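When we follow the working numbering, the leftmost residue of the sequence shown carries the number 57, and every step to the right adds one.
Glycine included, C-beta positions come from ideal geometry on N, C-alpha and C.
Note that the structure is a prediction, hence the values are computed from the model and not measured.
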Amino acid sequence: MEDQGKTEVVNLTGSCFCRRLTYKLRLDSKDDARTSLCHCSNCKKAFGGAFGLTAKVPLQSFLYTKESGTPKIHSADNGSGSIIHREFCNTCGSYICEYGDAVKDNFRYIAVGSLDDPSALPPKGEFNCIEREKWMPEIPDVFHKQKIKE
Ligand SMILES: [Zn+2]
Ligand SMILES: [Zn+2]
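This is how it looks when you write it as structure tokens:
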């Protein structure tokens with residue numbers, strides 16, 4: 057019997073700039089990923105951009121490939137008492153993912169720009185809009201939170 061309610065599995069790949077680190081992302085459905093912008097100062101520093109752009113995915117959906125190198129991990133207090141771990145390439149420095157201590161066994165926040173097809177996971181919302189760069193307009197038709205929790 058056909059399972060009409062079955063959602064479509066999404067298979068994506070990604071890597072750092074020099075491709076020493078490569079990974080696979082296998083989502084049971086597109087809804088398993090929540091892509092968002094974050095305008096906080098930590099994200100600006102970590103991404104070297106005007107905002108952070110990550111996709112929150114279940115840990116088991118994210119896997120470095122067999123051929124891949126090992127990421128370098130940087131762990132530090134983000135300023136509010138939470139330890140944030142960031143994984144990046146030891147050779148080219150590209151940022152692959154991050155996760156807080158509290159969710160490290162459950163989720164990864166993938167740097168969307170590291171996907172081979174970043175447009176596969178468009179944003180669903182924006183966090184910390186209070187720190188948005190003045191020249192940057194709001195993204196239409198997504199949620200907007202002034203702070204991280206509200
Ligand atoms: Zn690299
Ligand atoms: Zn942030």
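For residue i, name the three-state secondary structure that DSSP assigns.
{"i": "Gly105", "result": "coil"}
{"i": "Val66", "result": "strand"}
{"i": "Ala89", "result": "coil"}
{"i": "Glu123", "result": "coil"}
{"i": "Gly185", "result": "The residue you asked about is not Gly; residue 185 is Cys in the sequence shown. Looking at Cys185 - three-state DSSP - the assignment turns out to be helix."}
{"i": "Cys99", "result": "helix"}
{"i": "Val175", "result": "Note that residue 175 corresponds to Ser in the displayed sequence, not to Val. DSSP places Ser175 in helix when its eight states are reduced to three."}
{"i": "Leu77", "result": "coil"}
Restricting to Cα atoms, I'd like to know which of the options is closest to residue i.
{"i": "Ala106", "options": "Trp191, Asp161, Asp197 and Val198", "result": "Trp191"}
{"i": "Asp133", "options": "Ser170, Lys86, Gly156 and Phe199", "result": "Gly156"}
{"i": "Phe103", "options": "Val168, Ala176 and Thr126", "result": "Val168"}
{"i": "Cys148", "options": "Lys201, Cys74 and Gln202", "result": "Cys74"}
{"i": "Lys101", "options": "Arg142, Asp197, Lys201 and Asp161", "result": "Arg142"}
{"i": "Ile195", "options": "Lys201, Glu182 and Gln202", "result": "Glu182"}
{"i": "Ser138", "options": "Pro193, Ser124 and Lys160", "result": "Lys160"}
{"i": "Asn162", "options": "Ser85, Phe118 and Leu68", "result": "Phe118"}
When you compare the CB positions of residue i and residue j, do they come within less than 8 angstroms of one another, or not?
{"i": "Ile152", "j": "Tyr79", "result": "yes"}
{"i": "Leu83", "j": "Leu109", "result": "no"}
{"i": "Cys99", "j": "Pro127", "result": "no"}
{"i": "Asp88", "j": "Val113", "result": "yes"}
{"i": "Arg164", "j": "Leu115", "result": "yes"}
{"i": "Leu81", "j": "Ile140", "result": "no"}
Assuming the contact rule is C-beta atoms closer than 8 angstroms, residue i and residue j should be a hit. Round their C-beta distance to whole Å, please.
{"i": "Lys180", "j": "Arg90", "result": "6 angstroms"}
Exercise answer, beta-carbon shell around ligand 2 heavy atoms below 6 angstroms: Cys94, Cys96, Asn98, Cys99, Gly108 and Asn184
Shell residues, 6 angstroms Cβ cut-off relative to heavy atoms of ligand 1: Cys72, Phe73, Cys74, Arg76, Leu77, Cys145, Thr147, Cys148 and Ser150
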